[in-house]
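Notes to accompany the following structure.
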Amino acid sequence: MATVDVINGDSISTLHSDIIQTQILTRLDGPTLASTATTSSYLQTLCTEEKLWQELSIDTWPSINDPRVVQAISSFPSGYRSFFADSYPFTEHTWQSEKHDPPTGLISAVDLYYRGEIIYSKVQEMETEKGKSGWFLSSPFRVDILDPKESVQTRIRYPGGDYEAWVKDMEESMKLNWILIDPIKKRAANISSRKAVSARRNWLTGDLEIRFSTVVTAEAAEVAAVVSCGSAEAWKEVDEEVGGEIHVRDVRLQVEDIEGKCMKGRDSLVILQGLLDGKRSCKDDEERRAKERYEEYVRMKIQWRENKERREKAQDTICMIFGFSLFVLLWSFILLR
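Under my numbering, think of the first position of the sequence shown as 5, with each following residue one higher.
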């Protein structure tokens, strides 16, 4: 009896390989293409073509069509196929990194979408080597994709009126891919939650800050990619019936501890390395779970803050009692002499 592999190979081989590659395989997404490769040895050969995975990767993340990223991916074990296998799934921080040095020379490839249409792409290298910028490791970690005076024009408009409804729409419509690439270890990971986990107005700048978050529970930390959007002119008050074109004014990456403070460069890079080397998951509900993990982390932060306030109040009370007792004891000693 013929095996499944032989049967499938015989039936599919009646089609010319060029037809299969150009008319069939190019229409498949990454997971389907990987599954197709397991059905027969003939299809496995066709599905592992480098050009096929290159086109699929660039179509998924346009920013990686950059000479610096192309050079980095060329050193991966299986080229674009390895890169896609690393970057497409969600990553988890499961790497024990206490005894390892922070990574160097990381590359960020960022793609920002609004309602499925790409509005901004950029590749940026992190200068983290001690010899070039040793201050990076001991300073608060932050990667700014946009220059301070730079902004990105978009087709997004704030129609005026119901600000809260517009904020909700922005949260649901924005999508961010932040691919982190380690050319030395030949690994990559999408460290963004893809879909936004929160959107709120910054009380100081007036801009709308949209957050994409990956929670690192083991370290009680959050890897946050924040996109700030504002109007071309000075932002108006929420209750005014105004509108206007929206610009992207800030795209940044930071690693925050449970207090919401930016962690230092060394600690942040170690956490990012943990995501690069962590387990991968391709479950369909990972985007929803990412937001649930973020909401649970926010509740944990609130609980931690409340416990801290209770401890500080208890310490203040003890200090007051001790000070009052010492005062009474001192006066008692003076009066009874």
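We put the CB at the ideal spot given by N, CA and C, even for glycine.
What you are looking at is a predicted structure, and each value in this text was computed from that prediction instead of being measured.
Check                                                                                                                      : Outcome
Cut-off 8 Å between Cβ atoms - residues of its own chain near Asp211, not counting five sequence neighbours on either side : Arg205, Ser232, Cys233, Gly234, Trp239, Arg253 and Asp254
Ranges of the alpha helix (DSSP H) found wholly within the stretch 11–85, counting only runs of at least 4                 : 34–40, 45–51, 54–64 and 71–78
Contact under 8 Å by Cβ, Ser348 with Lys153                                                                                : Examination of residue 348 is not possible in this model, given that the chain is present from 5 through 341 alone.
Cβ contact check for the stretch 78–95 and the stretch 41–61: 3 or more pairs under 8 Å                                    : yes
Close Cβ partners of Tyr118 (< 7 Å) along its chain, the five nearest in sequence each way excluded                        : Thr158, Ile160, Ser177 and Met178
Contacting residues, own chain, Cβ-Cβ under 6 Å from Thr40 (five flanking each side not counted)                           : Leu47 and Cys51
Candidates Trp65, Ala76 and Asp151: closest to Arg191 by CA position                                                       : Ala76
CB-CB length for Tyr298 against Val201, believed under 8 Å                                                                 : 4 Å
Entirely enclosed beta strand (DSSP E) segments - the stretch 129–173, minimum 3 residues                                  : 156–162
Gly269 versus Ala318 - alpha carbon distance                                                                               : 34 Å
Exposure label - Ile250; buried when at least 16 CB within 10 Å                                                            : buried
Proximity below 8 Å, CB of Glu129 to CB of Ile111                                                                          : yes
Nearest residue (CA-CA) to Val156, options Leu184, Asp115 and Thr95                                                        : Asp115
Closest Cα partner of Ala203 within the set His97, Met304 and Tyr167                                                       : Tyr167
Strand pairing of Met178, partner residues [DSSP]                                                                          : Tyr118
Helix, strand or coil at Ala238 [DSSP, three-state]                                                                        : Its pLDDT being 47, under 50, Ala238 is placed unreliably by the model, and the measurement read from it follows with that caveat. Looking at Ala238 - three-state DSSP - the assignment turns out to be coil, as it is neither helix nor strand.
Option in Phe94, Ile338, Glu310 and Thr42 with minimal Cα separation from Ala193                                           : Phe94
Status (buried if at least 16 other CB within 10 Å, exposed otherwise) for Pro144                                          : exposed
Whole-Å CB distance - Glu291 paired with Lys199, under 8 Å assumed                                                         : 5 Å
C-beta contact flag for Trp207 and Ser196 at 8 Å                                                                           : no
Option in Val274, Ser217 and Val332 with minimal Cα separation from Glu296                                                 : Ser217
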